[in-house]
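Read through the structure below, which is laid out as structure tokens, and then see the notes.
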Amino acid sequence: MVSIMAKRALRFLAQVGRNRSGVAAAEFALVLPLLAMGLFGLSQVGFLYFTYNAMLNGARTGAREIVFGRSEAAVTAAVRSQLPPWAAATAAITLTPNDDGVARVRISVPGADASLLQIVPMPETIDAEVAMPRVGDR
């Protein structure tokens, strides 16, 4: 009787070792959170880079407008038109028309406004500054 029980136990243990159903699902359940964090982090970095690049283009446009002698209101409107909608409303735009022959434009946006989801930590502010020489002043 003992030998029959021992054979059944050995047969059962051998079947458990061969039965791999559900292993892929368990591995996927372990890897999925890591993949999701990587995907959200990568999309957040891309969104941040897009916002920063738009801010640089806006600052460059603003400095060019200052050099051409546009009014402060026109320069501010030109800068805001270059910014994405989620950053344009809260952007702080600082214009320095003549800083020793250099036109400067600085744009500052709260980091939370450049975030898709409030999951990934962001910098407090995102700043972009462009300085362009005033050719006519030299």
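Be aware that the sequence shown starts at 5, since it is given in the numbering used here, and climbs by one per residue. Cβ coordinates follow ideal geometry from the N, Cα and C atoms, glycine included.
Asked	Found
Could you tell me the alpha carbon to alpha carbon distance between Y53 and F16, rounded to whole angstroms?	57 Å
Whose C-beta lies closer than 7 Å to the C-beta of I123 among residues of the same chain, with five residues either side of it excluded?	F44
Going by CA-CA distance only, name the one from F32, R24, R110 that's closest to G66.	R110
Using three-state DSSP, classify A96 as helix, strand or coil.	strand
Helix, strand or coil, according to DSSP, for S112 in the structure here?	strand
Please state whether the Cβ-Cβ distance between A81 and R108 is less than 8 Å.	no
Indicate whether T94 and V113 have their beta-carbon atoms separated by less than 8 Å.	yes
Taking the alpha carbon of G105 as the reference point, which residue from P37, L120, P89, P137 has its own alpha carbon closest?	P137
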